[in-house]
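With our numbering as the guide, the letters of the sequence shown map in order to residues 1433 to 1721. For every residue, glycine included, the Cβ atom is placed at its ideal position computed from N, Cα and C. Given the structure is predicted, the values throughout are model-derived calculations rather than measurements.
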Amino acid sequence: MLKEIRIWTAERPLTVSAVLLLMALVYFVAPVVYNDPTNLFGHGRQEQGAEDFATSLWPELCLAGVLLAIVVLIGWVRSTCLTTRLHIGPIFLAVPYILFVIFIASSPALLALSQDREIILTPAEWQVVWVACLAAFLVGFFEELLFRGVLLHGLRARMAAVPAVLVAAVIFGSFHFVNWVNGQPLDATVAQVSGAAGGGVFYGAMVLWTGSIWPSVMLHGLWDSGVTISQTLAAKSPVVSDQVPDTDANASAGLSLWEALLSPEMIYGLLLLFAWWLWSGRRKKAKTA
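Next up, the structure:
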């Protein structure tokens, strides 16, 4: 029975990817059934900070576990780049991104220090921050396995790698419209969608360069953690909140669509993707020469 399942899924990668994506969509839209109708479709609030993120720890753990179990069951562990050989060298391409995340996470504290002020969190508040960061890495694992693992594998069965990364990024960004359905204001959601698409381009490029999904998992988790820390520190900052730089579509409803589309992660991701396309093309020519 298991052998037949794996043969069937191996022959229909795009169909299987679409089914798993639809299952995830149904799960995230399901709260519409039992939530207050007056808070749906942009009439609720935007979740921000460690307290909101920390509450998702156990649901995200379950989601990640279920998706991983399905991937193992259908025999896609290698196809989703979970166990493929990791190319160490290209990991250094993520250094500018990591530095950018560190800046985002520390910007409220740096702004406060520049005015001789400081942000103080209690031990209990720091504990919530660390739980939220753990939840953020679980989110990173689930979303990367679903979009840069399952979906990218399905798309690459029908198209070249670069278009597949771009399509997966657009779908990943659009997936965040479920937050609007569940109540998040539309302007914040649109910015979040475009920002997530930019992140998807960067994460997809890293999968192509490294040959593994794990760098993108860690970078995605790092980004969500950095944004969560920034939001939490900004909320506790004695400095006027409008002086704190916008961090991400997750962090600011004021981030315009064009600002999100021209975000550093989008631009850097496109540069990496273009560089990979040139490199892979030359590599193929060298092999056929």
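Check: Using the beta-carbon count (16 or more within 10 Å), is Trp1558 buried or exposed?
Finding: Walking along the sequence shown from the start, residue 1558 turns up at place 126. Answer is exposed; the Cβ neighbour count stays below 16.
Next item on the list: Find the nearest neighbour of Trp1708 within the set Ala1568, Val1597, Asp1548, judged by alpha-carbon distance.
Entry: The residue you call residue 1708 lines up with position 276 of the sequence shown. Of the candidates Ala1568, Val1597, Asp1548, the one whose C-alpha sits nearest the C-alpha of Trp1708 is Val1597.
Note to self: Please report the distance separating the alpha-carbon of Leu1531 from that of Leu1505.
What the structure shows: For the purposes of this step, residue 1531 is taken as residue 99 along the sequence shown, with counting starting at 1. For the purposes of this step, residue 1505 is taken as residue 73 along the sequence shown, with counting starting at 1. If I take the Cα positions, the gap works out to 38 Å.
Next item on the list: State yes or no: is the C-beta of Val1610 within less than 8 Å of the C-beta of Val1461?
Entry: Walking along the sequence shown from the start, residue 1610 turns up at place 178. Walking along the sequence shown from the start, residue 1461 turns up at place 29. Yes; because the gap between Cβ atoms is below 8 Å, this pair is in contact.
Check: Counting Cβ pairs closer than 8 Å, one from the stretch 1574-1581 and one from the stretch 1625-1642, do we hit at least three?
Finding: yes
Next item on the list: Please confirm whether Ala1568 and Asp1484 have their CB atoms less than 8 Å apart.
Entry: Along the sequence shown, read from residue 1 onward, the residue named residue 1568 stands at position 136. Along the sequence shown, read from residue 1 onward, the residue named residue 1484 stands at position 52. In this structure, Asp1484 does not lie closer than 8 Å to Ala1568 by Cβ.
Notebook entry, point to check: Under three-state DSSP, which class holds Leu1493?
Noted result: Position 61 of the sequence shown holds residue 1493. Correct three-state label for Leu1493: helix.
Note to self: So, with DSSP's three-state summary, where would you put Ser1673?
What the structure shows: Working through the sequence shown from its first residue, we reach residue 1673 at position 241. Because the pLDDT at Ser1673 is just 49, under 50, the model does not fix this residue reliably, and the point stays unresolved.
Notebook entry, point to check: How would you label Glu1492, buried or exposed, when you count the other beta carbons within 10 angstroms and need 16 or more for buried?
Noted result: Stepping through the sequence shown from its first residue, residue 1492 is reached at position 60. Looking at its Cβ environment, which holds 16 or more other Cβ atoms inside 10 Å, Glu1492 is buried.
Next item on the list: Pick helix, strand or coil for Thr1643, following the three-state DSSP scheme.
Entry: The residue you call residue 1643 lines up with position 211 of the sequence shown. The sequence given here has Gly at residue 1643, not Thr. Coil at Gly1643, not helix or strand.
Checklist line | Residue from Lys1716, Ala1541, Ile1439 whose Cα sits closest to the Cα of Trp1508 | finding: Walking along the sequence shown from the start, residue 1508 turns up at place 76. When only C-alpha atoms are compared, the closest one is Ile1439.
Next item on the list: Hey, could you find the ends of the alpha helix (DSSP H) Asn1611 is sitting in?
Entry: For the purposes of this step, residue 1611 is identified with residue 179 of the sequence shown, where counting begins at 1. Segment 1609-1613, the alpha helix (DSSP H) holding Asn1611.
Next item on the list: Tell me, to the nearest whole angstrom, how far the beta carbon of Ser1695 is from that of Gly1630; I am working on the premise that it is less than 8 Å.
Entry: If you number the sequence shown from 1, residue 1695 lands on position 263. If you number the sequence shown from 1, residue 1630 lands on position 198. Going by Cβ atoms, the distance from Ser1695 to Gly1630 rounds to 5 Å, so yes, they are a contact pair.
Checklist line | Backbone CA spacing between Ile1645 and Leu1514 [nearest angstrom] | finding: Residue 1645 sits at position 213 when you count from the first residue of the sequence shown. Residue 1514 sits at position 82 when you count from the first residue of the sequence shown. If I take the Cα positions, the gap works out to 6 Å.
Note to self: For Leu1457 and Arg1714, what's the separation of their Cα atoms in angstroms?
What the structure shows: As a working mapping, residue 1457 is identified with position 25 in the sequence shown. As a working mapping, residue 1714 is identified with position 282 in the sequence shown. Leu1457 and Arg1714: Cα-Cα distance of roughly 39 Å.
Check: Taking the alpha carbon of Tyr1529 as the point to measure from, which residue in Gly1653, Phe1706, Lys1717 has its own alpha carbon closest?
Finding: The residue given as residue 1529 occupies position 97 in the sequence shown. That would be Gly1653, whose Cα lies nearest to the Cα of Tyr1529.
Checklist line | Simplified DSSP assignment, three categories, for Cys1565 | finding: Walking along the sequence shown from the start, residue 1565 turns up at place 133. Helix at Cys1565.
Next item on the list: Whole angstroms is fine: what's the gap from Leu1543's alpha carbon to Val1671's?
Entry: By 1-based counting over the sequence shown, the position of residue 1543 is 111. By 1-based counting over the sequence shown, the position of residue 1671 is 239. About 8 Å.
Item checked: Local conformation of Ser1538 per DSSP, three classes -> What you label residue 1538 is simply residue 106 of the sequence shown in a count that begins at 1. Here Ser1538 sits in helix by DSSP.
Check: To the nearest angstrom, how far is it from the Cα of Asp1674 to the Cα of Leu1553?
Finding: Position 242 of the sequence shown, counted from the first residue, corresponds to residue 1674. Position 121 of the sequence shown, counted from the first residue, corresponds to residue 1553. With a pLDDT of only 46 at Asp1674, under the threshold of 50, the placement of this residue in the model should not be trusted; the figure read from the coordinates follows. Distance between the alpha carbons of Asp1674 and Leu1553: 20 Å.
Check: For Glu1550, which three-state DSSP category applies?
Finding: Reading the sequence shown from its first residue, position 118 is the one you call residue 1550. Here Glu1550 sits in coil by DSSP.
Notebook entry, point to check: Based on Cα-Cα distance, which residue from Val1503, Val1464, Ser1669 lies nearest to Val1448?
Noted result: Start at 1 with the first residue of the sequence shown, and residue 1448 comes out as number 16. Ranking Val1503, Val1464, Ser1669 by Cα distance to Val1448 puts Val1503 first.
Item checked: Supposed contact pair Gly1658 and Gly1632 - C-beta distance, whole angstroms, cut 8 Å -> The sequence position of residue 1632 within the sequence shown is 200, counting from 1. The sequence position of residue 1658 within the sequence shown is 226, counting from 1. At roughly 17 Å, the Cβ-Cβ gap does not stay under 8 Å, so Gly1632 and Gly1658 are not in contact.
Note to self: Taking only three categories from DSSP, how would you classify Leu1510?
What the structure shows: Position 78 of the sequence shown, counting from 1, holds the residue named residue 1510. Checking the displayed sequence, the identity of residue 1510 turns out to be Arg instead of Leu. Reduced to three states, the DSSP call for Arg1510 is coil.
Check: In chain order, what residues of the same chain lie with their CB nearer than 7 Å to the CB of Val1649, ignoring the 5 residues before and after it?
Finding: The residue given as residue 1649 occupies position 217 in the sequence shown. Correct list, in chain order: Gly1572, Phe1573, Glu1576.
Next item on the list: Tell me whether Met1455 sits in a helix, a strand or coil according to DSSP, three-state version.
Entry: On the sequence shown, residue 1455 is found 23 positions in, with the first residue counted as 1. Looking at Met1455 - three-state DSSP - the assignment turns out to be helix.
Margin query: Taking a contact to mean a Cβ-Cβ separation below 8 Å, would you say Ala1486 touches Val1560 in this structure?
Written below: Along the sequence shown, one-based indexing puts residue 1486 at 54. Along the sequence shown, one-based indexing puts residue 1560 at 128. Yes, Cβ-Cβ distance for Ala1486 and Val1560 is below 8 Å.
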